[in-house]
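S.K.: Take a look at this one; I'll ask things after.
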Amino acid sequence: MAFSATPPRGSLTAEVVIDELPLDEPGLAEARMFIHDVRLSRAGSTIRVKDVAEPVLLSGDALRIPSMPLSARFPSGLKATLITGGTISNLSSDSPGLGLSLRLDPVDLSQLGVDIPQIKRAAGEVRSTLTLEGTTKMPRLSGRLTMKNGLLRLEGFPLPLDDIELDVRIREGEIRVRRAKARAGNTGLLSLSARLPMQGFDITGATATLVARDVKLPVTDGVKMTVNGTLSGSYQTPTDPSQRSLPHITGTVSLTQFAYTRPMSFSIDIDQLTGRGRTVVDTYKPENDLFSFDIQVTSPRPLRLSNNLVDMRLGFVEGGIQLSGTDQRFGARGALRIEQDSKLFLQGHDFAVRDGTVTFDDPTRIVPRLDVHAITEYRRYASSSAAAASTTDASSSAASAGGKWRIAMHAYGHTDEPKVRFTSDPPLSQDDIVLLLQVGMTRAELDRGLAGSLAQTVGIEALSAVTGLGQAVRKTVPIIDEFRVGSQYSSRSGRPEPTVSVGKRISDKVRAGVTTGLSETREVRANLEWKLSRSVSVQGSYDNVNDVSSSILGNVGADLRWRLEFE
């Protein structure tokens, strides 16, 4: 016998009495062994047998082992007592008979985590019995293992398991998990049943079913997920030892609740509107696969994403998402539909999603393919000086005249190589639309001597992005869910000026926002949107930009928006 680590060490103190030893028929020997002390240790674990009351008896072609207590102790302090004994008959035959038993006295698992780094805490009481019968050629194993009042806390697995109950039986050539259940978190329930056929001491296959109900998965901060699911696993030992057989998992997982509120980062760049793909290095080695799976993911209600960048509801297309592959290489097939009342928040502008889908079509990777159409209205207040300015550029003329632009965005392609296109009415070029959204001006206006003020405001935006100022403020002042330092074109000064925008989603149907300038003009713009239904909303607005009258009150307005849908 070879040991990869430290070999066991031990000692035996016993008295052997040989009453009869016929050399021509050793099976008829008569001998007794009185065990006084047995010690066996390895890597800090010890097993000891002490003061066995009756001797081990060799008589009548049989070996009789009396009831023998074995005391085991592990480095964590965990202790266990096992009682063994029985008979081995027909020793002189080519297949001696077996009649051995092993009983594990109740074991407290509270010290288990001390010795195993992956276990933070454990508790429960374990009992077990095991019987070995039959012959050495055809052994029959039977027994039972139970656990009650169990508790488990695993390192790196934030879901606590409580009220663990386990009942495992071994009989008639199979291991059967009759009952295994636990409470997962505050509301979740887990139950497991399994069957493992055996041939002698070898397991020839396995089937198992795991049922989960109302399990809240603590994925990470800002992600809430509650799932129901039924997963079935199977394994069959290959008839050819040279062939590999992987355990296979199938089933359905239903997301009964999903909310994503983690902040996202996104920027639009004039020079990279077409995106740049990432280089993927494939290091897949099939021989390292541990299991394969084919799982369907569905949801009875839309998935919710709500943060600084999006306010979306994603509904599953009929059939859901199919996840399949192995633990090393897996992909997804299916589609999600973006509901039409969803919104994108880009550069302080709200884009209303008209239609959109997220499609998964790669069986080897999870790379969503986007196709999203969204629209926003950009308003800029025109000053008398801006309105009177002359230019020969069409884009410049449209922009300097102020007014309103209807800007449409089309985002499409795979997420690792996305493409974004903008169009507007009145028409502007791609560059002008991006600059209008970022700094409130077109390229032609920048070419007319406003580069200095532009550099100042763009620098403020860049500093905010690099330092994470917006995210820090949202954490410090949790009553707001939007804080952005940016810039906006000022009709009073005729140039972009730094601004601070603060927003709050009061409820699912009401959102408020305020933008104020940081320069001497102190321009303030505020809006309040109330969604009356899926297609009707009321928006109130206020600003103190007075280009027509000299009122100190400012401008107050209201819009009634009614969306018509055609199919």
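For reference, each letter of the sequence shown is one residue, going -19 to 547 in the working numbering.
Just so it is clear, CB atoms sit at the ideal spot from N, CA and C, and this is done for glycine as well.
Could you tell me the alpha carbon to alpha carbon distance between F276 and N268, rounded to whole angstroms?
M.R.: For clarity, residue 276 is Gln in the given sequence; the question names Phe instead. Rounded to the nearest angstrom, the two C-alpha atoms are 24 Å apart.
S.K.: Can you name, in chain order, every residue of its own chain whose Cβ lies under 6 Å from the Cβ of D321, other than the five neighbours on each side?
M.R.: Counting only residues of its own chain and dropping the five nearest sequence neighbours on each side, D321 has a CB closer than 6 Å to the CB of R514.
S.K.: Just the C-alpha distance for L84 and K117, rounded to the nearest angstrom, thanks.
M.R.: 26 Å
S.K.: For A192 and N208, which I take to be in contact (beta-carbon distance under 8 Å), what is that distance rounded to the nearest angstrom?
M.R.: For a cut-off of 8 Å, the C-beta gap from A192 to N208 is around 6 Å, short enough to register as a contact.
S.K.: On the CB-based measure, 16 or more other CB atoms within 10 Å of its CB, does S364 come out buried or exposed?
M.R.: Here S364 scores only 39 on pLDDT, less than 50, and its place in the model is too uncertain to base an answer on.
S.K.: Count the C-beta pairs between the stretch 200 to 207 and the stretch 169 to 180 that are closer than 8 Å, then say yes if the count reaches three, no if not.
M.R.: no
S.K.: Check whether the Cβ atoms of F331 and R284 sit closer than 8 Å, and answer yes or no.
M.R.: No, the Cβ-Cβ distance between F331 and R284 is not below 8 Å.
S.K.: Is the separation between the beta-carbon of H329 and that of L408 shorter than 8 Å?
M.R.: no
S.K.: Give a yes or no on contact between the stretch 105 to 112 and the stretch 36 to 49, applying the rule of three or more CB pairs nearer than 8 Å.
M.R.: no
S.K.: Check this for me: beta carbons of D31 and N70, under 8 Å apart or not?
M.R.: Pairing D31 with N70 gives a Cβ-Cβ distance that is not under 8 Å.
S.K.: Is it the case that the Cβ atoms of T339 and A315 are separated by a distance below 8 Å?
M.R.: The answer is yes: Cβ separation under 8 Å.
S.K.: With Q276 as the anchor, note down where its beta strand (DSSP E) starts and where it stops.
M.R.: Counting along the chain, the beta strand (DSSP E) containing Q276 begins and ends at 272 to 278.
S.K.: What distance in whole Å lies between the Cβ atoms of Y358 and I553, which are believed to be in contact at a cut-off of 8 Å?
M.R.: Nothing can be reported for residue 553, as the shown portion of the chain is limited to -19 through 547.
S.K.: Are the stretch 137 to 145 and the stretch 118 to 125 touching, with three or more C-beta to C-beta distances below 8 Å?
M.R.: Flag = no, the stretch 137 to 145 and the stretch 118 to 125 do not touch.
S.K.: Output the residue ranges of the beta strand (DSSP E) runs that lie fully inside the stretch 3 to 66 and measure 3 residues or longer, sorted by chain position.
M.R.: 10 to 22, 25 to 30, 36 to 39, 42 to 53
S.K.: Within 10 angstroms of the Cβ of D412, are there 16 or more other Cβ atoms? Answer buried if so, exposed if not.
M.R.: buried
S.K.: Report buried or exposed for R224, applying the criterion of at least 16 other Cβ atoms within 10 angstroms of its Cβ.
M.R.: exposed
S.K.: Do A103 and G136 have their C-beta atoms closer together than 8 Å?
M.R.: no
S.K.: Have a look at T115, I27, V490 and flag the residue whose alpha-carbon is nearest the alpha-carbon of S(-9).
M.R.: I27
S.K.: What is the residue span of the beta strand (DSSP E) that D330 lies within?
M.R.: 329 to 342
S.K.: Grouping DSSP H, G and I as helix and E and B as strand, with all else coil, what is Q563?
M.R.: Shown here, the chain extends from -19 to 547; a query on residue 563 therefore has no answer.
S.K.: So Q216 and G185 are in contact, right, with Cβ under 8 Å, and what is the actual spacing, rounded?
M.R.: 5 Å
S.K.: Could you say which of L58, K511, S470 lies nearest to P490 if we only look at CA atoms?
M.R.: Checking the sequence shown, residue 490 turns out to be Val, not Pro. Minimum Cα distance to V490 is reached at K511.
S.K.: Quick one, are the C-beta atoms of E0 and F14 less than 8 Å apart?
M.R.: At the C-beta level, E0 and F14 stay beyond 8 Å of one another.
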